[in-house]
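Number of protein chains: 2
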Amino acid sequence: MAEIREKEQFLAYLRGSGHRVTAERLALFDEIFAQHGHIDAEELHAAMRSQGLKISRATVYRNLDLLVASGLASKQRLGGLSDRRFLYEHVHRGQRHDHLICASCGRVVEFVSPGIAALQTEICRAHGFVPTHHTLEIRSLCNACAAPGESGGTQQPSAGVRGGGAGV
Amino acid sequence: MAEIREKEQFLAYLRGSGHRVTAERLALFDEIFAQHGHIDAEELHAAMRSQGLKISRATVYRNLDLLVASGLASKQRLGGLSDRRFLYEHVHRGQRHDHLICASCGRVVEFVSPGIAALQTEICRAHGFVPTHHTLEIRSLCNACAAPGESGGTQQPSAGVRGGGAGV
DNA sequence: GCACGTATTGAGACTTGGTCGCAATAGTAT
DNA sequence: ATACTATTGCGACCAAGTCTCAATACGTGC
Chain A
2 MAEIREKEQF LAYLRGSGHR VTAERLALFD EIFAQHGHID AEELHAAMRS QGLKISRATV
62 YRNLDLLVAS GLASKQRLGG LSDRRFLYEH VHRGQRHDHL ICASCGRVVE FVSPGIAALQ
122 TEICRAHGFV PTHHTLEIRS LCNACAAPGE SGGTQQPSAG VRGGGAGV
Chain B
2 MAEIREKEQF LAYLRGSGHR VTAERLALFD EIFAQHGHID AEELHAAMRS QGLKISRATV
62 YRNLDLLVAS GLASKQRLGG LSDRRFLYEH VHRGQRHDHL ICASCGRVVE FVSPGIAALQ
122 TEICRAHGFV PTHHTLEIRS LCNACAAPGE SGGTQQPSAG VRGGGAGV
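Quick note, the sequences are listed as chains A and B, same order.
Under my numbering, the first residue of the first sequence is numbered 2, with each subsequent residue one higher.
Under my numbering, the first residue of the second sequence is numbered 2, with each subsequent residue one higher.
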């Protein structure tokens, strides 16, 4: 389990900010780190309950925000069709990536691009923004959805697809 | 009125796709082209009613989607605090820009960056996406919100701020 | 270890943003 | 002008997330 460091970071965050360490918070932490791709609050709640854990919907929502504030999770609406709900994702310290989202089927590919990162910084500076941790997302069409003849078009969003990250 | 061309384009789109040209559609077109920055459906509806126009909420929502489909408006959730609602913006053909959004106060700055545009295309190609009209947004912190001492922090989102677009 | 004060939880009501169903209305082709 | 059917308006509905408030449980001080 590589997330031991992260759990310590979470505990430190809680204590440092005067929050209590509750069973629910720890369970939520465990769950989000057990999950692979992006997951929404409702699914997270369902997953926890199906494991027999007793935790309420409201608590999941509340603590998810706390997890985000601690820097251990990210919260985003990923364009496409699936942007009704916020999606959460655990963050291994500093290891941030950006998202490429199919505007039609909602497929999400993660990528890291030093080139874009550098330009982001420049753009921020040029417009009076402070270059801190950005979030960048590109919405476009995946090949499947762009192909006209194909059964193409709107498919089921399949979150969590990882793109090897050809360092463009 | 520079949007005459656009209106023709809209009419052509409607006719070409078997849609009817209704008073409501034209009024909505006029309204969104009269507006400057980003505006949400609810505000648009209110603006129209306050001008004495009779149009229903549902019709605004329905036709806004049509306007987007015609390519004459864009629909996005702009990160920050204001991403509860979709924001719409009229598009002068091809003149697309990207957004820099303050994650704290929701301030939006528009920018155009050929460099980023080129990288977007590369990244799309590298990951099996078709480089069509992307949408790219960078969420960060504006100077005001990043300044610690200041009255800083969460301010009222002020949509529609235009950034001169230093071609980075 | 125990008691006490307060943050947190759970349950459900509520809010908000957006969609749907259906009868009435109004484009458009003939 | 007529008829055919898309569109409108209305209110009901739905989904995601937040709020309220009594009950619970952290964790500090003893």
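All residues carry an ideal CB built from backbone N, CA and C; glycine is no exception.
Near L54(A), which residues of its chain fall below 7 Å by C-beta distance, leaving aside the five closest residues on each side in sequence?
Residue 54(A) sits at position 53 when you count from the first residue of the first sequence. Result list for L54(A): A28, in chain order.
8 Å CB neighbourhood of L12(A) in its chain, flanking five on each side removed
Position 11 of the first sequence, counted from the first residue, corresponds to residue 12(A). For L12(A), where only same-chain residues beyond five positions count, the Cβ hits under 8 Å are V22.
For Q10(B), does the three-state DSSP call read helix, strand or coil?
To locate residue 10(B), count along the second sequence from 1; it is residue 9. In the displayed model, Q10(B) falls within a helix according to three-state DSSP.
Between F112(A) and L101(B), is the Cβ-Cβ spacing less than 8 Å?
Counting from one through the first sequence, the residue named residue 112(A) turns up at place 111. Counting from one through the second sequence, the residue named residue 101(B) turns up at place 100. No, the Cβ-Cβ distance between F112(A) and L101(B) is not below 8 Å.
Would you grab the beta carbon distance between H91(B) and I33(B) for me? Rounded to a whole angstrom, and I think it's under 8 Å.
Residue 91(B) sits at position 90 when you count from the first residue of the second sequence. Residue 33(B) sits at position 32 when you count from the first residue of the second sequence. Their Cβ separation, rounded to whole angstroms, is 5 Å, which keeps H91(B) and I33(B) in contact under 8 Å.
In the DSSP assignment, find the unbroken beta strand (DSSP E) run with H100(A) in it and report its ends.
The residue labelled residue 100(A) in the question sits at position 99 within the first sequence. 99-103 is the extent of the beta strand (DSSP E) around H100(A).
Run through DSSP, which three-state label would Q121(B) get?
For the purposes of this step, residue 121(B) is taken as the residue at position 120 of the second sequence. Q121(B): helix per DSSP, three-state reduction.
For the region 134-141 of chain A against the region 103-120 of chain A, are there 3 or more C-beta pairs whose distance is under 8 Å?
Because the criterion of three Cβ pairs below 8 Å is met, the region 134-141 of chain A and the region 103-120 of chain A touch.
Could you give the DSSP three-state label for E4(B): helix, strand or coil?
The residue labelled residue 4(B) in the question sits at position 3 within the second sequence. Correct three-state label for E4(B): coil.
On the DSSP bridge assignment, give the partners of A47(A) in chain order.
Numbered from its first residue, the first sequence carries residue 47(A) at position 46. Note: A47(A) sits in no beta bridge, so no partner.
Neighbour-count burial assignment, E9(B), 16 or more Cβ in a 10 Å radius
In the second sequence, residue 9(B) corresponds to position 8, counting from 1. It is exposed - the Cβ of E9(B) has fewer than 16 other Cβ atoms within 10 Å.
Please state whether DSSP places C146(B) in a helix, a strand or coil.
Residue 146(B) sits at position 145 when you count from the first residue of the second sequence. The three-state secondary structure of C146(B), taken from DSSP, is helix.
Residues in the region 106-137 of chain B with C-beta within 7 Å of chain A's C-beta atoms, listed in sequence order?
V110, F112, S114, G116, I117, L120, Q121, E123, I124, C125, A127, H128, G129, F130, V131, P132, T133, H135, T136, L137
If you check the beta carbons only, do H46(A) and R58(A) fall under 8 Å apart?
In the first sequence, residue 46(A) corresponds to position 45, counting from 1. In the first sequence, residue 58(A) corresponds to position 57, counting from 1. It is a contact, given that the beta carbons lie within the stated cut-off.
Whose Cβ in chain B lies nearer than 7 Å to the Cβ of R16(A)?
Sequence index remark: in the first sequence, residue 16(A) carries index 15 (1-based). Those do not exist, as R16(A) stays about 22 Å from chain B at its closest Cβ, beyond 7 Å.
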